[in-house]
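As structure tokens, the structure follows; a few thoughts come after it.
2 protein chains.
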Amino acid sequence: MAASRRPTLADVAREVGVSAKTVSRVLNEDGPVSARTREHVLAAVAELGFQPNLMARNIRVGGPDTTIGLVIPDLANPFFGAVARGIEDTVRDRGLTLLMGSSADDAERERALTAQFLARRVSILIVVPSVGADHSDLKSHRTAGLPVVFLDRPGVGMSTDSVVSSNRAGAQEGVAHLIAHGHRRIGFVGDLPVKLYTRRERLAGYRAALREADIPYDRSLVVSAHDQQGAEAVTAQLLERPDPPTALFAGNNIMALGIVAELARSKRKHVAVVAFDDVSLAEALEPALTVVAQAPEEIGRSAATTALARLDGDRSRARTITVPTRLVVRGSGEQRVREGGR
Amino acid sequence: MAASRRPTLADVAREVGVSAKTVSRVLNEDGPVSARTREHVLAAVAELGFQPNLMARNIRVGGPDTTIGLVIPDLANPFFGAVARGIEDTVRDRGLTLLMGSSADDAERERALTAQFLARRVSILIVVPSVGADHSDLKSHRTAGLPVVFLDRPGVGMSTDSVVSSNRAGAQEGVAHLIAHGHRRIGFVGDLPVKLYTRRERLAGYRAALREADIPYDRSLVVSAHDQQGAEAVTAQLLERPDPPTALFAGNNIMALGIVAELARSKRKHVAVVAFDDVSLAEALEPALTVVAQAPEEIGRSAATTALARLDGDRSRARTITVPTRLVVRGSGEQRVREGGR
DNA sequence: TTGAAAGCGCTAACAT
DNA sequence: ATGTTAGCGCTTTCAA
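Line order of the protein sequences matches chains B and E.
Every letter in the first sequence is one number past the one before it in full-length UniProt numbering, and letter 54, counting from 1, is 54.
Every letter in the second sequence is one number past the one before it in full-length UniProt numbering, and letter 239, counting from 1, is 239.
Encoded structure:
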């Protein structure tokens, strides 16, 4: 039951009666090896259950490791899950494996993760930057040839490739949709912290839509929450005011869940809703939820493709890729302005 | 712009005018170092932007790498996202980082991923086994001290710790709920392939509930699909038959999405539904969706805890941990048996 | 076609 | 308090 030492190249070599280098040659299909020794080596490898130590190999070869470091806020958020899948699908052909960690949107945890990934000599670093994180320390690595891509939000302290959604335009389109259906008092339920890039951009889109329609901006209609429960609470508060909004705009998928849950709970079907980011079952709700859909997998693929191009020597200027959003009209944005019930 | 070589321990040592070992001592807070040299070393480290090579360190130290390998079917499935979060939360304190890959439920991809993880000398291996995968090759690693835990489904070809939901009992409880509300023709919409452990167990629970109520098993009421779209299609077909079921049981979260979407599309509100696994917005649907809720984060935590215990020397017999499900009654299971509309 | 020696970046074990 | 030597498991280089 004792933890017996894992077999090494040398063990296999000894077993067969050849040099370590010969075994190495067989395994890497490097130089020429006679068919006979090849057989023997392979047999010994199978028998001993030898598995080459990738770290040792990497040390010697010197290049970056065949891993890609990915820092996202939350593994359990479906948006980032889809992003991760897009990335994995794109890099798999290149033999890269995903090293992942969630930052919980905490700058310190993000820093610890990136440091760890750098120490592991990842081939690529893809980061969803937390509020307050500074990325100046990544600069030198980028100059040294490490592709760094910021995702969902631009980074701070260095200029590098970023992939973001068309947050402002998308939000503006979503809010305009509400306005087109007669709404003039539109609540904005955003996530926290308020300095979050996506929140600011989407709020800017909201304000632009109001401006476009000559609707004065009412600060009191903008509320915030950390999670779904929080969103439910602020939604309830907003609607219980003497002058409640007739429509709500959700700043992200989690806020959307909160709004929808609260409206269902309180049976306020007459409140119009448009959400930024799609959620599952949106079309099965009553009314079906109109959303400004993002393309999370495409965002992931795009980030990965950009990084791979850098890895292949692309030295062009840092780009910001904007992945377009799409207004998916399903009904919830067209609720009547006046009158309750259906 | 050329990729300048990353600085090494030796570079730092040369810069300060000390030996490599001294630098190592400072960084690992090993043996005694004078405050002065400490300062100097730290300064040089910062200036050169030195980041110790974790792989080199690991090679020398010989122990397993501080990574945990995780193979799941799909990164974008919220169930597995939550599982992953549970795992990460549990192992973070121990300084372990997640190495993840999705198998797409393909035995060959699963094998390639585990091989890669083993080659990286992960500290722990957690796998959601694909249908048709054989895990005999992991046996020797487990004996050699590598904690291997199967998650969501038991493995094949070796006995080791597994963490699963109470699939059979949960499904039985869910179907019994439908029967209690007068349903006798209950459709089962399951995922594929049919040999999938969770599907078989849940189907067994479905049959047990029928048996308990003396309802004959009608094979034609059991249908299958690969994804949400497929589930929508088979749901539609099932309900368009001359003798349609009055209730449906969803075999997993994806099937649930398909059923709910199809019922909403075709406005068949009178069909009762209970789903295995919870989905977001379940409570906002009309009727709200009754589910047999799993505890994905708990499953992840449980798997991680078990693995860590093994890492700490626990040599007791392999366990199968069953994480209980919970019937969450929300309404959709109580639809009337006869009569359409509300 | 094969092997011996050196070395990747780091640390364990022993000096000093 | 610091340095030296050797070696982790592998590959590169050069020689046979």
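The beta carbon of each residue, even a glycine, is placed where N, CA and C say it ideally should be.
query: To which residues of the same chain is B/Thr305 closer than 8 angstroms at the C-beta, ignoring the five residues directly before and after it?; result: Thr90
query: Are E/Ala256 and E/Ala275 closer than 9 angstroms when you measure CB to CB?; result: yes
query: Would you mind reading off the limits of the beta strand (DSSP E) that contains B/Asp191?; result: 186-191
query: What number of angstroms, rounded off, separates the C-alpha of B/Val164 from the C-alpha of B/Pro296?; result: 10 angstroms
query: At a Cβ threshold of 9 angstroms, is residue 359 of chain E touching chain B?; result: Coverage of chain E is limited to positions 1 through 342, which leaves residue 359 of chain E absent and any answer about it impossible.
query: Starting from the C-beta of B/Ala307, find all residues in its chain whose C-beta is less than 6 angstroms away, skip the five residues before and the five after it, and write them out in chain order.; result: Ile124, Pro147, Val149
query: If you measure from the beta carbon of E/Phe276 to each beta carbon in chain B, is any gap under 9 angstroms?; result: no
query: What number of angstroms, rounded off, separates the C-alpha of B/Leu96 from the C-alpha of B/Arg241?; result: 53 angstroms
query: For B/Val323, does the count of other Cβ atoms within 10 angstroms reach 16, so buried, or fall short, so exposed?; result: buried
query: Helix, strand or coil for B/Met100, going by three-state DSSP, please let me know.; result: strand
query: Looking only at its chain, what residues have a beta carbon closer than 8 angstroms to the beta carbon of E/Asp11, apart from the 5 residues adjacent to it on each side?; result: Leu48, Phe50
query: With C-beta atoms as the reference, is B/Asp105 less than 9 angstroms away from B/Ile299?; result: no
query: Helix, strand or coil: which one does DSSP assign to E/Ile215?; result: coil
query: Excluding five sequence neighbours on each side, which residues of the same chain lie with their C-beta closer than 7 angstroms to the C-beta of B/Pro193?; result: Val131
query: If you compare alpha carbons, which of E/Arg25, E/Glu108, E/Ile68 is closest to E/Arg57?; result: E/Arg25
query: Can you check whether the C-beta of B/Leu54 is within less than 9 angstroms of a C-beta belonging to chain E?; result: yes
query: Within 10 angstroms of the Cβ of B/Glu110, are there 16 or more other Cβ atoms? Answer buried if so, exposed if not.; result: buried
query: Is E/Asp137 helix, strand or coil when you go by DSSP?; result: helix
query: Using 8 angstroms as the Cβ pair cut-off and three pairs as the minimum, do the segment 161-178 of chain B and the segment 203-213 of chain B touch?; result: yes
query: Hey, is E/Leu289 close to the ligand PLP, as in C-beta under 8 angstroms from one of its heavy atoms?; result: In the structure on display, the ligand PLP does not appear, and there are no ligands present to speak of.
query: Taking the alpha helix (DSSP H) that B/Thr320 belongs to, which residues open and close that run?; result: It is not in any alpha helix (DSSP H) - B/Thr320 instead sits in the beta strand (DSSP E) that spans 320-323.
query: Could you check whether the Cβ of B/Glu339 sits closer than 9 angstroms to any Cβ belonging to chain E?; result: Unreliable placement is indicated for B/Glu339, whose pLDDT of 46 sits below 50; the coordinate value is still reported in the next sentence. For B/Glu339, the answer is no, since every Cβ of chain E falls outside 9 angstroms of its Cβ.
query: Within the same chain, show all residues whose beta-carbon is closer than 7 angstroms to that of E/Ile254, passing over the 5 residues directly before and after it, in chain order.; result: Asp191, Asp227, Gln228, Ala231
query: Let me make sure I understand the geometry here. Which of B/Leu327, B/Ala309, B/Arg326 has the alpha-carbon closest to that of B/Arg319?; result: B/Ala309
query: With B/Ala112 as the anchor, note down where its alpha helix (DSSP H) starts and where it stops.; result: 107-119
query: Quick one: residues in its chain with C-beta nearer than 6 angstroms to the C-beta of B/Val279, no 5 flanking neighbours on either side, listed in chain order?; result: Asn253, Ala256
query: So is B/Ala176 buried or exposed if we call it buried at 16+ other beta carbons inside 10 Å?; result: buried
query: Considering only the beta carbon of each residue, do E/Met158 and E/Leu178 sit closer than 9 angstroms?; result: no
query: Let me check one thing: in DSSP terms, what residues is E/Val292 bridge-paired to?; result: E/Phe276, E/Leu327
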